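Protein chains: 2
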Amino acid sequence: MTVTVPTLAARVRAGDPRAIARAISIIEDERPDAAALVREIFPQTGSAYLIGVTGPPGAGKSTVVDKLTAEVRREGESVGIVAVDPTSPFTGGAILGDRLRMQAHYEDAGVFIRSMATRGQLGGLARATSDAALVLDAAGKSLVVIETVGVGQDEVDIVRTADISIVVLVPGTGDDVQALKAGIMEIADVYVVNKADREGADRMVSSVESNLTLQQFGDGEWRPPIIKTEASAGRGIPELWQAIRAYRTHSASSRRRRLKARNQFRLRDLLTHRYLEFVEHTLLTPERFDALVDRIAAREVDPYSAADDLLSRSLKR
Amino acid sequence: MTVTVPTLAARVRAGDPRAIARAISIIEDERPDAAALVREIFPQTGSAYLIGVTGPPGAGKSTVVDKLTAEVRREGESVGIVAVDPTSPFTGGAILGDRLRMQAHYEDAGVFIRSMATRGQLGGLARATSDAALVLDAAGKSLVVIETVGVGQDEVDIVRTADISIVVLVPGTGDDVQALKAGIMEIADVYVVNKADREGADRMVSSVESNLTLQQFGDGEWRPPIIKTEASAGRGIPELWQAIRAYRTHSASSRRRRLKARNQFRLRDLLTHRYLEFVEHTLLTPERFDALVDRIAAREVDPYSAADDLLSRSLKR
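Chains as they are written, first to last, in the numbering used here: chain A, 1 to 317; chain B, 1001 to 1317.
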């Protein structure tokens, strides 16, 4: 008698929450079998709609995402959430946040929430986030939300390559202009001004409005709407969901462009990661790479010449 | 008669502000002569003390840096400031910010301020920022401040590899925990709680304090102080400068480690940038790289297999 043990990839595809959790851990820990796993699930991905959510710390992104999840669950969508949460290793906040957030959807098998706290060097976080989103996609979640704090290049890239980018702002810091300067304005398909009951909410909306006025929108081009929410009370969430659906319909024909940007980002990221591994572990040893860095720090060689030398020694050309 | 025309690098080393500005523009625009320029100035760098300043948008980082600059100028230090300002191309905020900020130090040849708004792909911002700091270092600025908004991986790396990392926080969003979760807490050598006259300032200080309490500091290990400032009124700025000097004295023996991290980051960044250039322009053409990305987006090939193939075709091994 032959007993068939389903592979982890097969269990992920069947939507098994424990398999999903294990698959994401394998990715997060950068274990050697992570690549094989993504290879195996990759053909079954591409049908989830990716929602990127970003904004400054304290804007209430988690609450917006949680309430949005409750809203879309009523319509039968299944939801996977990857919260990029570059938390201090000292506070362990990511894990705590996970538990707190899971409570709201604890009984609901249609929702899977995972915080990513990876702080690997060389863009490890971006890579792990994309791969975790693939796992949720392969597991059949119809919506996958990637939620990031902050405005760094990596995180902006993650959100920008989602199917829709939502920027959550909050009034009350008194520094509207600073928020507008945060480098996340040009990526928004939908703006959310959360905590809209606070003083300054209308001023924040006006700031975003005048920012939009400076941009030229062509005929039939999407003009990002500004949705006022009080997420903790659920206010504005149905309007947000409506805006997401409107954008999805509007952008159906251009979705290919986003998919492409996403995969371009992923391929470049993998290439650079593996090239550095080759240089530091095969071409040199970690010790010899280290010694070279020491020589640069001592100004015995400049970094451009050192890079040129390593390139010419490593590349077939 | 021979007329000697000083090279741009020589004029940078002489501290000529127009040469500094031009050198940074060459770097920011990623012009082909940027590498040669950095090569030429590199041996004269390494004496500036690099101060990294980060924190969430709206924390008042620019004001803190400007007032700190005024403070240290009185002691004869010369100051270069690189403000990483990933501003929307629509608002042109970086350039405006530059002009507004320059006014305060307009008559002072000992201060050079430059906002970097580069948003090149592949970590172009981090690379340009490091190189701009090198220019200011070569130009003889005794302090070089790198100021970044946001908490992304790249920006954290920039600040972490400075000689001292200052994290500026602000009370009043009512989300202290969020601020603590911003991924920038573990890199701070000095905390600033700015706008300390605001409600919630003491609560913010307590939050940071309890965060520090969770960490274990060994005998003689630096425990990051928390400085309360009202930067717009100049309050707390002398105390901040004192904390910076105390850290500098304390960490003199470990400065080598920071210098090394900085140069490791730079070498890896250059290697990855150039390797991708090779793959996309020499091994393949941009069109063929593009076609490969299309095949990944169409799920005809997975990104790991595509990366493996490109690596084996490009590397001598």
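Positions of the beta carbon are idealized from the N, C-alpha and C atoms, including for glycine.
All values reported here derive from a predicted model rather than from experimental measurement.
How big is the Cα-Cα spacing for residue i and residue j?
i	j	result
Ala-70(A)	Asp-197(A)	21 Å
Gln-264(A)	Val-1038(B)	30 Å
Arg-18(A)	Gly-220(A)	44 Å
Pro-1056(B)	Glu-280(A)	34 Å
Glu-1077(B)	Ile-1146(B)	16 Å
Ala-1009(B)	His-1250(B)	34 Å
Phe-289(A)	Thr-63(A)	45 Å
Ser-305(A)	Ala-291(A)	15 Å
Glu-1199(B)	Val-1205(B)	12 Å
Ala-1231(B)	Glu-1209(B)	21 Å
Ala-1201(B)	Val-1170(B)	7 Å
Val-1012(B)	Lys-316(A)	37 Å
Arg-1022(B)	Val-1005(B)	16 Å
Gly-1174(B)	Gly-58(A)	In this predicted model, Gly-1174(B) has a pLDDT of only 47, less than 50, meaning its place in the structure is not dependable; the value taken from the coordinates is given anyway. Rounded to whole angstroms, Gly-1174(B) to Gly-58(A) spans 8 Å at the Cα level.
Asp-1163(B)	Trp-222(A)	45 Å
Trp-1241(B)	Pro-1224(B)	14 Å
Lys-1260(B)	Arg-248(A)	47 Å
Val-192(A)	Lys-141(A)	24 Å
Leu-283(A)	Arg-1313(B)	16 Å
Thr-1285(B)	Lys-1067(B)	50 Å
Phe-1278(B)	Glu-300(A)	26 Å
Ser-207(A)	Phe-1217(B)	44 Å
Ile-20(A)	Ala-14(A)	10 Å
Glu-30(A)	Ala-36(A)	12 Å
Asp-1016(B)	Phe-1112(B)	10 Å
Lys-1228(B)	Thr-1054(B)	16 Å
Asp-1033(B)	Ile-237(A)	52 Å
Ala-1233(B)	Ile-296(A)	42 Å
Val-1065(B)	Ala-1243(B)	14 Å
Val-84(A)	Gly-52(A)	11 Å
Thr-148(A)	Met-1116(B)	23 Å
Using only alpha-carbon positions, find the residue among the options that is nearest to residue i.
i	options	result
Leu-1271(B)	Thr-213(A), Gly-200(A), Gly-46(A), Pro-303(A)	Pro-303(A)
Arg-1114(B)	Arg-1127(B), Arg-1313(B), Val-1208(B), Ile-1024(B)	Ile-1024(B)
Val-159(A)	Arg-258(A), Gly-236(A), Ser-142(A)	Arg-258(A)
Glu-239(A)	Val-72(A), Asp-309(A), Leu-267(A), Arg-31(A)	Val-72(A)
Ala-1352(B)	Lys-1260(B), Asp-1016(B), Ile-1026(B)	Because chain B in this structure spans residues 1001 to 1317, residue 1352(B) falls outside the shown range and cannot be described.
Leu-212(A)	Ile-187(A), Lys-195(A), Arg-295(A)	Ile-187(A)
Thr-129(A)	Gly-15(A), Leu-276(A), Glu-28(A)	Glu-28(A)
Ala-126(A)	Ala-109(A), Val-82(A), Leu-143(A)	Val-82(A)
Arg-1255(B)	Ile-1041(B), Ser-1165(B), Ile-1296(B)	Ser-1165(B)
Val-144(A)	Tyr-49(A), Val-190(A), Val-84(A)	Tyr-49(A)
Leu-1311(B)	Leu-276(A), Asp-308(A), Ala-307(A), Val-293(A)	Leu-276(A)
Asp-294(A)	Pro-1032(B), Val-1065(B), Asp-1189(B), Leu-1267(B)	Leu-1267(B)
Arg-274(A)	Leu-1214(B), Asp-1309(B), Ile-1051(B)	Asp-1309(B)
Arg-235(A)	Phe-112(A), Ile-296(A), Asn-194(A)	Asn-194(A)
Glu-1075(B)	Gly-1052(B), Val-1084(B), Gly-1110(B), Val-1065(B)	Gly-1110(B)
Val-1168(B)	Ala-1243(B), Gly-1060(B), Arg-1245(B)	Gly-1060(B)
Val-190(A)	Thr-148(A), Ala-307(A), Ser-253(A), Arg-245(A)	Arg-245(A)
Arg-1203(B)	Thr-1161(B), Glu-1040(B), Ile-1226(B)	Ile-1226(B)
Quick one: which residues of the region 1248-1269 of chain B get their C-beta closer than 8 Å to a C-beta of chain A? List them in chain order.
-> Arg-1256, Leu-1259, Lys-1260, Arg-1262, Asn-1263, Gln-1264, Arg-1266, Leu-1267, Arg-1268
Residues in the region 1274-1292 of chain B with C-beta within 9 Å of chain A's C-beta atoms, listed in sequence order?
-> Arg-1274, Tyr-1275, Leu-1276, Phe-1278, Val-1279, Glu-1280, Thr-1282, Leu-1283, Phe-1289, Asp-1290, Leu-1292
Could you name each continuous alpha helix (DSSP H) segment of 4 residues or more that falls completely within the region 50-78 of chain A, going from the start of the chain to the end?
-> Complete alpha helix (DSSP H) runs here, min 4: 61-73.
Contact the region 39-47 of chain A vs the region 124-139 of chain A: 3+ CB pairs below 8 Å = yes
Name the residues in the region 1046-1062 of chain B whose C-beta lies less than 7 Å from a C-beta of chain A; which are they?
-> Gly-1046, Pro-1056, Pro-1057, Gly-1058
Going along the region 1292-1307 of chain B in order, which residues come within less than 8 Å of chain A, judged by CB to CB distance?
-> Leu-1292, Val-1293, Asp-1294, Ile-1296, Ala-1297, Arg-1299, Asp-1302, Pro-1303, Tyr-1304, Ser-1305, Ala-1306, Ala-1307
Given a limit of 7 Å on CB to CB distance, which residues of the region 1187-1205 of chain B reach chain A?
-> none
What residue ranges within the region 1198-1284 of chain B form continuous beta strand (DSSP E) runs of no fewer than 3 residues, ordered along the chain?
-> You should have 1226-1228.
Going along the chain, which residues of the region 7-40 of chain A sit with their C-beta nearer than 7 Å to a C-beta in chain B?
-> Only those residues of the region 7-40 of chain A whose C-beta falls short of 7 Å from the nearest C-beta of chain B are listed: Ala-35, Val-38, Arg-39.
Selection of the region 218-239 of chain A by Cβ proximity to chain B, strictly under 8 Å = none
May I ask you to list, following chain order, the residues of the region 1067-1083 of chain B that have a beta carbon less than 8 Å from some beta carbon of chain A?
-> none
Residues in the region 1126-1148 of chain B with C-beta within 8 Å of chain A's C-beta atoms, listed in sequence order?
-> Ala-1126: these are the residues of the region 1126-1148 of chain B whose beta carbon lies less than 8 Å from some beta carbon of chain A, given in chain order.
Every unbroken alpha helix (DSSP H) within the region 1126-1165 of chain B, with a cutoff of 4 residues, ordered by chain = Segments of the alpha helix (DSSP H) lying fully in the region 1126-1165 of chain B: 1153-1160.
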